[in-house]
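Residue numbers (the numbering used here): 136 to 472.
C-beta: ideal position from N, C-alpha, C; glycine also.
All of these numbers come straight from a predicted model, not from anything done at the bench.
I have placed the structure first, in the form of C-alpha coordinates, so that the comments after it can refer back to it.
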(Lines of atoms letter the chains of each structure in order from A and count residues from 1; the text may use other names and numbers.)
(Lines give C-alpha, C1' and ligand atoms only; values in the text may rest on other atoms or scores of the structure.)
Protein backbone atom coordinates (compact mmCIF):
# COMPACT_ATOMS: atom_id res chain seq x y z
CA UNK A 1 0.00 0.00 0.00
CA UNK A 2 1.02 3.61 -0.55
CA UNK A 3 2.29 5.81 2.28
CA UNK A 4 -1.02 7.54 3.00
CA UNK A 5 -2.94 4.26 3.28
CA UNK A 6 -0.05 2.74 5.25
CA UNK A 7 -0.24 5.52 7.87
CA UNK A 8 -4.02 5.11 8.17
CA UNK A 9 -3.54 1.36 8.69
CA UNK A 10 -0.90 2.05 11.37
CA UNK A 11 -3.25 4.32 13.27
CA UNK A 12 -6.48 2.35 12.92
CA UNK A 13 -5.46 -1.32 12.84
CA UNK A 14 -4.08 -3.31 15.78
CA UNK A 15 -0.28 -3.10 16.02
CA UNK A 16 1.39 -5.58 13.67
CA UNK A 17 4.59 -7.46 14.50
CA UNK A 18 6.15 -7.56 11.05
CA UNK A 19 6.58 -4.84 8.41
CA UNK A 20 8.16 -4.57 4.97
CA UNK A 21 9.09 -1.06 3.85
CA UNK A 22 9.97 -1.35 0.18
CA UNK A 23 10.48 0.83 -2.90
CA UNK A 24 12.86 3.26 -4.54
CA UNK A 25 11.64 6.42 -2.72
CA UNK A 26 13.59 6.34 0.54
CA UNK A 27 11.83 9.44 1.92
CA UNK A 28 8.60 7.58 2.72
CA UNK A 29 10.50 4.50 3.92
CA UNK A 30 12.32 6.59 6.54
CA UNK A 31 9.12 8.32 7.67
CA UNK A 32 7.29 4.99 7.95
CA UNK A 33 10.20 3.47 9.90
CA UNK A 34 10.15 6.31 12.43
CA UNK A 35 6.36 6.01 12.84
CA UNK A 36 6.62 2.28 13.51
CA UNK A 37 9.47 2.65 16.01
CA UNK A 38 7.49 5.32 17.86
CA UNK A 39 4.38 3.13 17.97
CA UNK A 40 6.12 0.01 19.23
CA UNK A 41 8.22 2.12 21.63
CA UNK A 42 11.32 -0.02 21.17
CA UNK A 43 14.02 2.38 19.94
CA UNK A 44 16.22 1.57 22.94
CA UNK A 45 16.05 -2.17 22.30
CA UNK A 46 16.44 -2.01 18.52
CA UNK A 47 18.90 -4.40 16.86
CA UNK A 48 19.98 -3.49 13.33
CA UNK A 49 21.07 -6.11 10.80
CA UNK A 50 22.81 -5.20 7.56
CA UNK A 51 22.43 -7.16 4.32
CA UNK A 52 25.31 -9.48 5.26
CA UNK A 53 23.39 -11.02 8.18
CA UNK A 54 22.24 -14.61 7.76
CA UNK A 55 18.71 -15.80 8.51
CA UNK A 56 20.08 -18.02 11.27
CA UNK A 57 21.67 -14.97 12.98
CA UNK A 58 18.35 -13.13 12.83
CA UNK A 59 16.44 -16.13 14.23
CA UNK A 60 18.93 -16.50 17.11
CA UNK A 61 18.32 -12.86 18.05
CA UNK A 62 14.57 -13.34 17.80
CA UNK A 63 14.76 -16.24 20.25
CA UNK A 64 17.13 -14.53 22.71
CA UNK A 65 15.30 -12.82 25.62
CA UNK A 66 16.27 -9.14 25.90
CA UNK A 67 18.19 -8.03 29.00
CA UNK A 68 16.95 -4.48 29.51
CA UNK A 69 13.60 -4.36 27.74
CA UNK A 70 10.49 -6.52 27.52
CA UNK A 71 10.49 -6.01 23.75
CA UNK A 72 12.56 -7.33 20.88
CA UNK A 73 12.77 -5.11 17.79
CA UNK A 74 14.82 -6.01 14.72
CA UNK A 75 15.49 -3.79 11.72
CA UNK A 76 16.79 -5.69 8.69
CA UNK A 77 18.29 -3.39 6.05
CA UNK A 78 18.59 -4.24 2.36
CA UNK A 79 16.43 -7.32 2.84
CA UNK A 80 17.38 -9.24 -0.29
CA UNK A 81 15.22 -12.21 0.70
CA UNK A 82 12.30 -10.34 -0.85
CA UNK A 83 13.92 -10.31 -4.29
CA UNK A 84 14.10 -13.17 -6.76
CA UNK A 85 17.04 -15.37 -5.83
CA UNK A 86 17.96 -18.55 -7.68
CA UNK A 87 19.66 -21.10 -5.48
CA UNK A 88 20.35 -24.80 -5.73
CA UNK A 89 20.98 -25.10 -2.00
CA UNK A 90 18.30 -27.18 -0.26
CA UNK A 91 19.78 -26.10 3.07
CA UNK A 92 19.10 -22.43 2.29
CA UNK A 93 15.59 -23.26 1.12
CA UNK A 94 14.87 -25.08 4.38
CA UNK A 95 16.35 -22.18 6.35
CA UNK A 96 14.03 -19.76 4.56
CA UNK A 97 11.03 -22.01 5.22
CA UNK A 98 11.92 -22.09 8.91
CA UNK A 99 12.32 -18.30 8.91
CA UNK A 100 8.91 -17.84 7.28
CA UNK A 101 7.37 -20.09 9.94
CA UNK A 102 9.12 -18.04 12.65
CA UNK A 103 7.88 -14.64 11.45
CA UNK A 104 4.38 -16.04 10.99
CA UNK A 105 4.27 -16.96 14.69
CA UNK A 106 6.26 -14.27 16.47
CA UNK A 107 6.05 -14.11 20.28
CA UNK A 108 4.26 -11.10 21.79
CA UNK A 109 6.33 -7.92 22.05
CA UNK A 110 8.58 -9.05 19.19
CA UNK A 111 8.76 -6.85 16.10
CA UNK A 112 10.45 -7.17 12.73
CA UNK A 113 10.98 -4.34 10.24
CA UNK A 114 12.38 -5.21 6.81
CA UNK A 115 13.73 -2.48 4.53
CA UNK A 116 14.26 -2.96 0.80
CA UNK A 117 15.10 0.05 -1.39
CA UNK A 118 13.77 -1.74 -4.44
CA UNK A 119 10.65 -3.49 -5.67
CA UNK A 120 10.04 -6.81 -3.90
CA UNK A 121 9.14 -10.00 -5.72
CA UNK A 122 5.50 -10.46 -4.75
CA UNK A 123 5.58 -14.11 -5.84
CA UNK A 124 7.97 -15.15 -3.07
CA UNK A 125 6.63 -17.01 -0.04
CA UNK A 126 8.37 -14.61 2.33
CA UNK A 127 6.46 -11.70 0.77
CA UNK A 128 3.13 -13.49 1.07
CA UNK A 129 3.90 -14.35 4.71
CA UNK A 130 4.59 -10.71 5.60
CA UNK A 131 1.53 -9.59 3.63
CA UNK A 132 -0.62 -11.97 5.68
CA UNK A 133 0.92 -11.29 9.09
CA UNK A 134 1.83 -7.61 8.85
CA UNK A 135 1.87 -4.49 6.69
CA UNK A 136 3.75 -3.68 3.48
CA UNK A 137 4.66 -0.19 2.28
CA UNK A 138 5.19 0.35 -1.46
CA UNK A 139 7.24 3.54 -1.78
CA UNK A 140 7.52 4.14 -5.52
CA UNK A 141 9.23 7.20 -7.04
CA UNK A 142 6.88 10.18 -7.10
CA UNK A 143 5.89 11.47 -10.54
CA UNK A 144 5.19 15.16 -11.30
CA UNK A 145 1.43 14.60 -11.48
CA UNK A 146 1.47 12.90 -8.05
CA UNK A 147 3.38 15.60 -6.16
CA UNK A 148 0.31 17.48 -4.84
CA UNK A 149 -0.32 14.97 -2.03
CA UNK A 150 3.24 15.38 -0.72
CA UNK A 151 3.13 19.15 -1.22
CA UNK A 152 -0.13 19.60 0.71
CA UNK A 153 1.15 17.50 3.62
CA UNK A 154 4.43 19.43 3.73
CA UNK A 155 2.75 22.83 3.59
CA UNK A 156 0.45 21.79 6.41
CA UNK A 157 3.42 20.68 8.52
CA UNK A 158 5.16 24.07 8.14
CA UNK A 159 1.88 26.03 8.39
CA UNK A 160 2.27 27.69 4.97
CA UNK A 161 0.27 28.00 1.75
CA UNK A 162 1.30 28.85 -1.81
CA UNK A 163 -0.43 31.44 -3.94
CA UNK A 164 -1.45 30.49 -7.48
CA UNK A 165 1.77 31.68 -9.16
CA UNK A 166 3.99 30.09 -6.50
CA UNK A 167 2.15 26.78 -6.93
CA UNK A 168 2.58 26.94 -10.70
CA UNK A 169 6.28 27.73 -10.22
CA UNK A 170 6.71 24.61 -8.09
CA UNK A 171 4.78 22.41 -10.51
CA UNK A 172 6.96 23.64 -13.37
CA UNK A 173 10.05 22.96 -11.28
CA UNK A 174 9.23 19.33 -10.52
CA UNK A 175 8.01 18.89 -14.09
CA UNK A 176 11.52 19.35 -15.49
CA UNK A 177 13.34 17.45 -12.74
CA UNK A 178 15.03 14.32 -14.03
CA UNK A 179 14.35 12.70 -10.67
CA UNK A 180 12.11 14.03 -7.91
CA UNK A 181 13.96 13.67 -4.60
CA UNK A 182 11.47 14.23 -1.81
CA UNK A 183 14.16 14.39 0.89
CA UNK A 184 15.77 17.30 -0.97
CA UNK A 185 12.45 19.11 -1.50
CA UNK A 186 11.60 18.53 2.15
CA UNK A 187 14.75 20.38 3.25
CA UNK A 188 14.11 23.22 0.78
CA UNK A 189 10.62 23.75 2.19
CA UNK A 190 12.05 23.75 5.70
CA UNK A 191 14.33 26.58 4.50
CA UNK A 192 11.27 28.28 3.03
CA UNK A 193 9.55 28.19 6.43
CA UNK A 194 12.53 29.97 7.99
CA UNK A 195 12.96 32.38 5.08
CA UNK A 196 9.72 34.29 5.62
CA UNK A 197 7.19 34.95 8.37
CA UNK A 198 4.39 35.28 5.82
CA UNK A 199 1.98 32.37 5.94
CA UNK A 200 1.14 32.70 2.23
CA UNK A 201 4.16 32.21 -0.03
CA UNK A 202 4.40 34.11 -3.31
CA UNK A 203 6.33 33.25 -6.48
CA UNK A 204 9.15 35.72 -5.75
CA UNK A 205 9.91 34.02 -2.42
CA UNK A 206 9.88 30.59 -4.10
CA UNK A 207 12.30 31.82 -6.76
CA UNK A 208 14.68 33.18 -4.12
CA UNK A 209 14.70 29.98 -2.05
CA UNK A 210 14.98 27.65 -5.05
CA UNK A 211 17.40 29.86 -7.03
CA UNK A 212 20.29 27.39 -6.60
CA UNK A 213 18.31 24.52 -8.13
CA UNK A 214 19.63 23.86 -11.68
CA UNK A 215 16.14 23.05 -12.95
CA UNK A 216 14.93 26.59 -12.21
CA UNK A 217 16.78 28.07 -15.19
CA UNK A 218 15.85 25.01 -17.28
CA UNK A 219 12.10 25.41 -16.88
CA UNK A 220 12.45 29.17 -17.44
CA UNK A 221 14.00 28.26 -20.79
CA UNK A 222 11.11 25.88 -21.55
CA UNK A 223 8.65 28.65 -20.68
CA UNK A 224 10.40 30.99 -23.12
CA UNK A 225 10.08 28.33 -25.85
CA UNK A 226 6.38 27.87 -25.05
CA UNK A 227 5.88 31.62 -25.32
CA UNK A 228 7.95 31.76 -28.54
CA UNK A 229 10.06 34.44 -26.87
CA UNK A 230 13.25 33.90 -28.86
CA UNK A 231 15.19 36.75 -27.25
CA UNK A 232 14.53 35.39 -23.77
CA UNK A 233 15.18 31.79 -24.84
CA UNK A 234 18.59 32.61 -26.33
CA UNK A 235 19.54 34.68 -23.29
CA UNK A 236 18.61 31.85 -20.90
CA UNK A 237 20.47 29.33 -23.06
CA UNK A 238 23.61 31.48 -22.87
CA UNK A 239 23.22 31.78 -19.09
CA UNK A 240 22.88 28.01 -18.75
CA UNK A 241 26.03 27.47 -20.82
CA UNK A 242 28.01 30.07 -18.89
CA UNK A 243 27.00 28.47 -15.59
CA UNK A 244 28.55 25.18 -16.75
CA UNK A 245 25.41 23.33 -17.82
CA UNK A 246 26.06 20.10 -19.75
CA UNK A 247 24.85 20.84 -23.30
CA UNK A 248 23.45 17.34 -24.06
CA UNK A 249 21.37 17.60 -20.87
CA UNK A 250 19.95 20.95 -22.01
CA UNK A 251 19.26 19.45 -25.45
CA UNK A 252 17.46 16.55 -23.76
CA UNK A 253 15.21 18.91 -21.81
CA UNK A 254 14.36 20.96 -24.92
CA UNK A 255 13.69 17.74 -26.85
CA UNK A 256 11.37 16.44 -24.13
CA UNK A 257 9.49 19.74 -24.03
CA UNK A 258 9.19 19.76 -27.83
CA UNK A 259 7.84 16.19 -27.81
CA UNK A 260 5.31 17.18 -25.17
CA UNK A 261 4.17 20.13 -27.29
CA UNK A 262 3.78 17.80 -30.28
CA UNK A 263 1.92 15.16 -28.24
CA UNK A 264 -0.39 17.83 -26.80
CA UNK A 265 -1.12 19.16 -30.29
CA UNK A 266 -2.01 15.67 -31.54
CA UNK A 267 -4.18 14.95 -28.49
CA UNK A 268 -6.04 18.25 -28.89
CA UNK A 269 -6.82 17.28 -32.51
CA UNK A 270 -8.29 14.05 -31.11
CA UNK A 271 -10.53 16.00 -28.75
CA UNK A 272 -8.51 15.77 -25.53
CA UNK A 273 -8.56 19.25 -24.03
CA UNK A 274 -7.50 21.25 -20.97
CA UNK A 275 -6.65 19.39 -17.78
CA UNK A 276 -7.64 16.09 -19.41
CA UNK A 277 -4.26 16.27 -21.19
CA UNK A 278 -2.57 15.49 -17.86
CA UNK A 279 -3.04 11.71 -17.82
CA UNK A 280 -1.90 10.90 -21.40
CA UNK A 281 1.03 13.32 -21.14
CA UNK A 282 2.04 12.12 -17.68
CA UNK A 283 1.91 15.68 -16.33
CA UNK A 284 0.18 17.52 -13.53
CA UNK A 285 -3.24 18.60 -14.97
CA UNK A 286 -2.51 22.31 -14.38
CA UNK A 287 0.82 22.10 -16.24
CA UNK A 288 -0.75 19.98 -19.00
CA UNK A 289 -3.51 22.55 -19.56
CA UNK A 290 -0.89 25.30 -19.85
CA UNK A 291 1.17 23.19 -22.25
CA UNK A 292 -1.93 22.60 -24.38
CA UNK A 293 -2.51 26.34 -24.73
CA UNK A 294 1.11 26.80 -25.81
CA UNK A 295 0.95 23.88 -28.28
CA UNK A 296 -1.86 25.60 -30.18
CA UNK A 297 0.65 28.24 -31.34
CA UNK A 298 3.08 25.75 -32.90
CA UNK A 299 3.10 24.15 -36.33
CA UNK A 300 3.13 20.35 -36.16
CA UNK A 301 5.76 20.00 -38.91
CA UNK A 302 8.05 22.53 -37.18
CA UNK A 303 7.87 20.49 -33.96
CA UNK A 304 8.59 17.23 -35.79
CA UNK A 305 11.59 18.75 -37.59
CA UNK A 306 12.91 20.23 -34.33
CA UNK A 307 12.87 16.81 -32.64
CA UNK A 308 15.00 15.36 -35.46
CA UNK A 309 17.40 18.32 -35.37
CA UNK A 310 17.72 18.02 -31.58
CA UNK A 311 18.62 14.35 -31.94
CA UNK A 312 21.36 15.30 -34.42
CA UNK A 313 22.57 18.10 -32.13
CA UNK A 314 22.78 15.67 -29.23
CA UNK A 315 25.12 13.41 -31.22
CA UNK A 316 27.22 16.29 -32.57
CA UNK A 317 27.74 17.93 -29.17
CA UNK A 318 28.62 14.63 -27.53
CA UNK A 319 31.22 13.92 -30.21
CA UNK A 320 32.70 17.42 -30.13
CA UNK A 321 31.43 18.35 -33.60
CA UNK A 322 29.18 21.18 -32.49
CA UNK A 323 28.26 23.48 -29.64
CA UNK A 324 25.70 26.00 -28.48
CA UNK A 325 25.22 27.37 -31.99
CA UNK A 326 23.34 24.18 -32.93
CA UNK A 327 20.80 24.71 -30.15
CA UNK A 328 20.47 28.40 -30.95
CA UNK A 329 19.57 27.61 -34.56
CA UNK A 330 16.92 25.09 -33.44
CA UNK A 331 15.43 27.54 -30.94
CA UNK A 332 15.19 30.22 -33.64
CA UNK A 333 13.28 27.77 -35.88
CA UNK A 334 11.01 26.70 -33.03
CA UNK A 335 10.19 30.21 -31.84
CA UNK A 336 9.64 31.76 -35.27
CA UNK A 337 6.23 33.43 -35.27
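| Asked | Found |
| --- | --- |
| Cut-off 8 angstroms between Cβ atoms - residues of its own chain near residue 138, not counting five sequence neighbours on either side | 163, 166, 167, 272, 274 |
| Rounded Cβ spacing between residue 463 and residue 369 (contact assumed at less than 8 angstroms) | 6 angstroms |
| Cβ shell of residue 374 (< 7 angstroms), same chain only, five flanking positions each side left out | 352 |
| Euclidean distance between Cα positions of residue 461 and residue 442 | 13 angstroms |
| Start-end ranges of the alpha helix (DSSP H) lying completely within the stretch 272-322, minimum 4 residues | 282-292, 299-311 |
| CA nearest to the CA of residue 341, picked from 434, 299, 364, 379 | 299 |
| Nearest-angstrom Cβ-Cβ length linking residue 363 and residue 432, presumed shorter than 8 angstroms | 6 angstroms |
| Extent of the continuous beta strand (DSSP E) run through residue 407 | No beta strand (DSSP E) contains residue 407, which DSSP labels as neither H nor E. |
| Meets three-Cβ-pair contact criterion under 8 angstroms: the stretch 240-253 and the stretch 276-290 | no |
| Pick from 256, 212, 438, 186 that is closest to residue 219, judged by C-alpha positions | 256 |
| Element boundaries [beta strand (DSSP E), containing residue 184] | 181-184 |
| Proximity of residue 199 and residue 182 at Cβ, strictly below 7 angstroms | no |
| Counted within 10 angstroms of its Cβ, other Cβ atoms place residue 310 as buried (16 or more) or exposed | buried |
| Buried versus exposed, by CB contacts within 10 Å (16 or more), residue 498 | An answer regarding residue 498 cannot be provided, because it is not within the stretch 136 to 472 covered by the chain. |
| Where residue 356 falls: helix, strand or coil (DSSP) | helix |
| Length-filtered (4 minimum) alpha helix (DSSP H) runs lying within the stretch 140-224 | 161-175, 190-197 |
| Any 3 or more C-beta pairs closer than 8 angstroms across the stretch 394-405 and the stretch 322-330 | no |
| Residues sharing a beta bridge with residue 259, DSSP | In the DSSP output, where bridge partners are listed per residue, residue 259 has none listed. |
| Residue 345 - DSSP class collapsed to helix/strand/coil | coil |
| Within 7 angstroms, strictly: CB atoms of residue 235 and residue 264 | yes |
| Residue from 320, 405, 171 with nearest C-alpha to residue 345 | 320 |
| For residue 158, the nearest candidate out of 343, 213, 201, 173 (CA to CA) | 213 |
| CA-to-CA distance, residue 279 to residue 259, given in whole angstroms | 32 angstroms |
| Residue burial classification, residue 458 (beta-carbon count within 10 angstroms, cutoff 16) | exposed |
| Of the residues 231, 268, 394, 372, the one placed nearest residue 242, counting alpha carbons only | 268 |
| Residue 249 - DSSP class collapsed to helix/strand/coil | strand |
| Alpha carbon of residue 297 to alpha carbon of residue 422, nearest angstrom | 16 angstroms |
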